[in-house]
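So the structure is just underneath, and the comments pick up after that.
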Amino acid sequence: MNLRFLRFLCIGLFSLSLWQCQSKVPSTHTLFKHHPKDPYRINMVESQFFEVDTKLDQVIEGKEGTVIVMPKACFLYPDGKAVMETVKLELAEALQSSQMVLSNLSSAYQGELKETAGILFLNATAEGQDLDINPEIPIYIEIPSSKRKTRMMAYKGTRDENGNMDWYDPKNLESYIIPLKLELFNFYPPNFKLEVARSLPIGENQQISDALLDSLYYSLSNWNGKSSTMTVDPELKGKFEVGSHNHDSSNINFKQAQAKSGANFCGIDPQKIKAIRSEDYQDSFICSREFQKRLQSLYFCRSSEILDIYTNNLDKNLWELDSLAADAIKNDSLSQVFRGYQNEKLGSVQGDNIYVSILKDYYRKKLQSVLKQFREARDVVVYGKDSNGQAADDSSYSRFLIFQKKKKVSLSERYGFTWTDQGWLNVARSCPIDSCVSQKMELLVENGNSFDRIDCYFINTSKRSIYPMKSSDSKSFNLGSPENQELLIAPENSAIMLCLAVKNKQYFFGLNYVLTGHSRSIKMEPKPISPNNLAIKIRDLNYYTWESNSDFELLSALRQNRNAQPKLQWNQNLNRLRETAFPGCRDN
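To get my numbering, take the position in the sequence shown, counting from 1, and add 428.
Structure representation (structure tokens):
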């Protein structure tokens, strides 16, 4: 959610019109996003509308990254007849905490505060009629996530006239592995690209490139992954050779102080990475988002044999290979990482699946375009001009931020599932039965009844769980129902309690940090706040749930070294590259 939109929301937040009855023309649709008297309708997450040609297989993508696959003939009229006209699809995405708070989208279900991955609203219409989804040809939905978690399920939802959500009928997810293009992925070890950027310029290479990265990384195969000190010629003259991966000694000479070879290679041999970046693996899980996550963990193994488990068994389910890898890894903490992958229960690539076929083509084209735009936007910020010589301006950094977010969403993990219902849906999970605790939490706002309106929320920031707290007097706010003021919550998680209030068009805001699992009573006094600052406070809720990435570190390193002089002493830089390339061997 961008700042401009948040300002718009906060300007309308708690407007007195929320309590006034407004005459509206009754909708002819039986399905609605919110009731005409819903007190949160002004701040409700915005809807996007798409025109869908039902005679062809179609894919649409929302602003927040939700992707919906609609095979032809997937929509039906109420009488069961297939829709052959253009369909108008409404989509609302609440994938960020700020959107959920402003829309009053609770993630509670049957007395438990669920961890949610995202909440959606769908409604397809044609010729003024709400449509059904063909149960024999369901749509397929994917929502992005910073980190895939186990036990997620998809819940149907309804919303009453007071803005309360009711979730029911949970369904298991069935995510598909989508093979993309090999060149769209970063096969390098964690932070290797960043370390190369910090070492620039390298010879006459002033800028980072795929050829330079490949050349440096593949050459490390000669070092056998050992942690002994690597030495090179004290001076580097002329242009550093790139592209051939066979460096001439006149350009750079790698010498190993204590050379060891053969089966004693520690870590993943870069030549094995070079081998799997071939056409033989193009349509396998090797070029999927899911394997890329596993590869980053595999680099911390001390042996290439764990990688071989995956490359030698492309026809098996991914979860089976995760299990074999976990059994083979001697490091207990790393083994548990692969047990976590195993619990995701991911299968194999289903080449004959219609959704896989449609998404493979869609994602390949989309990701290729996004990565190209991101790199161009980044280079303008770093070097002051693009590949066409167009100079940077005041909007250059904003463009970089836009494409950085698009890149992040496009490469993110995904929760996927087929779906045959319209209306609200929530992708969420319970905390394990043996780890949940029943918690009572009271928030006391002594002057709460002096405001024109006040709403308070309990937000588990570790789990992205949101619960509108209940109050009968606008002073004492509690979890749960009036009869049972408790909820099942995962303990020892960071959480916040916040209140949003308005009085005579003046906004008020209050926030407290708490730790879940401990029942308590907390006092709060909301303070006056400007609309702009309130927008920032609400927007900041999103930063609790998405992990940071190295794009900004890389940008900083490239800018810092854009005018640097070639480095004559290479030992220190090359040792850092070696440590980055073989992270599991640093203590060998």
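Note that the Cβ used here is the ideal one computed from N, Cα and C, for glycine as well.
| Item | Value |
| --- | --- |
| Cβ-Cβ distance between valine 837 and glycine 493 below 8 Å | yes |
| Coarse secondary structure for asparagine 781, derived from DSSP in three states | coil |
| Inter-stretch contact at 8 Å, needing at least 3 Cβ pairs: the region 718–726 / the region 605–615 | yes |
| Where methionine 472 sits in the DSSP three-state scheme | coil |
| Close-in-space but distant-in-sequence residues of the same chain around aspartate 880 (CB under 6 Å, 5 per side omitted) | Val930, Lys931 |
| 6 Å Cβ shell around alanine 687 - same chain, five flanking residues per side excluded | Here alanine 687 scores only 35 on pLDDT, less than 50, and its place in the model is too uncertain to base an answer on. |
| Sequence-distant residues of the same chain with beta carbon closer than 6 Å to phenylalanine 802, five excluded per side | Phe831, Lys835 |
| Helix, strand or coil at glycine 945 [DSSP, three-state] | coil |
| Nearest-angstrom Cβ-Cβ length linking glutamate 916 and glycine 591, presumed shorter than 8 Å | Before going further, note that residue 916 is leucine rather than glutamate in the sequence given. The Cβ separation is near 23 Å, so there is no contact. |
| Meets three-Cβ-pair contact criterion under 8 Å: the region 564–582 and the region 618–631 | no |
| Reduced DSSP secondary structure (H/G/I, E/B, other) of serine 826 | helix |
| For methionine 658, three-class secondary structure by DSSP | In this predicted model, methionine 658 has a pLDDT of only 39, less than 50, meaning its place in the structure is not dependable; the value taken from the coordinates is given anyway. Strand, per DSSP. |
| For glutamate 555, three-class secondary structure by DSSP | coil |
| Local conformation of phenylalanine 460 per DSSP, three classes | coil |
| Cross-strand partners of alanine 856 (DSSP beta bridge) | Thr544, Met581 |
| Closest by C-alpha distance to serine 569, when choosing among Asp642, Gly490, Asp743 | Here residue 569 turns out to be isoleucine, not serine, going by the sequence shown. When only C-alpha atoms are compared, the closest one is Gly490. |
| Run of the beta strand (DSSP E) containing aspartate 1018, from where it starts to where it stops | Nothing can be reported for residue 1018, as the shown portion of the chain is limited to 429 through 1016. |
| Backbone secondary structure at alanine 522 - three-state DSSP | strand |
| Own chain partners of proline 499 with C-beta closer than 7 Å, once the 5 adjacent residues on each side are dropped | Asp485, Ile565, Ile782 |
| Identity of the residue in Tyr895, Ser902, Ile894 nearest asparagine 877 by Cα | Ser902 |
| Own chain partners of leucine 795 with C-beta closer than 8 Å, once the 5 adjacent residues on each side are dropped | Leu608, Lys609, Leu612, Ser838, Leu839 |
| Which of helix, strand or coil DSSP assigns to leucine 608 | coil |
| Selection from Asp594, Tyr843, Ile636, Ile894 that minimises the alpha carbon distance to isoleucine 605 | Tyr843 |
| Backbone secondary structure at lysine 868 - three-state DSSP | coil |
| Unbroken alpha helix (DSSP H) run spanning glutamate 733, endpoints | 733–739 |
| Status (buried if at least 16 other CB within 10 Å, exposed otherwise) for glutamine 934 | exposed |
| Best match in Asp597, Val497, Ser475, Ala501 for proximity to leucine 853 [C-alpha to C-alpha] | Asp597 |
| Cysteine 694 (DSSP reduced to helix, strand or coil) | coil |
| Rounded separation between lysine 898 and leucine 746 - CA only | 44 Å |
| When Asn741, Ser858, Leu1005 are compared against tyrosine 646, the one with the closest alpha-carbon | Leu1005 |
| Rounded C-alpha distance that separates proline 919 from alanine 536 | 16 Å |
| Cβ distance (whole Å) where leucine 749 is taken to contact asparagine 759 below 8 Å | Contact doesn't hold; Cβ gap of about 18 Å is too wide. |
| Contact the region 500–519 vs the region 462–477: 3+ CB pairs below 8 Å | yes |
| Where asparagine 961 falls, given that 16 or more other Cβ within 10 Å makes a residue buried | exposed |
| Under 8 Å between C-beta atoms of leucine 1018 and phenylalanine 937 | Because residue 1018 is not part of the residues shown, which for the chain are 429 to 1016, the question remains open. |
| DSSP-derived helix/strand/coil call for methionine 528 | helix |
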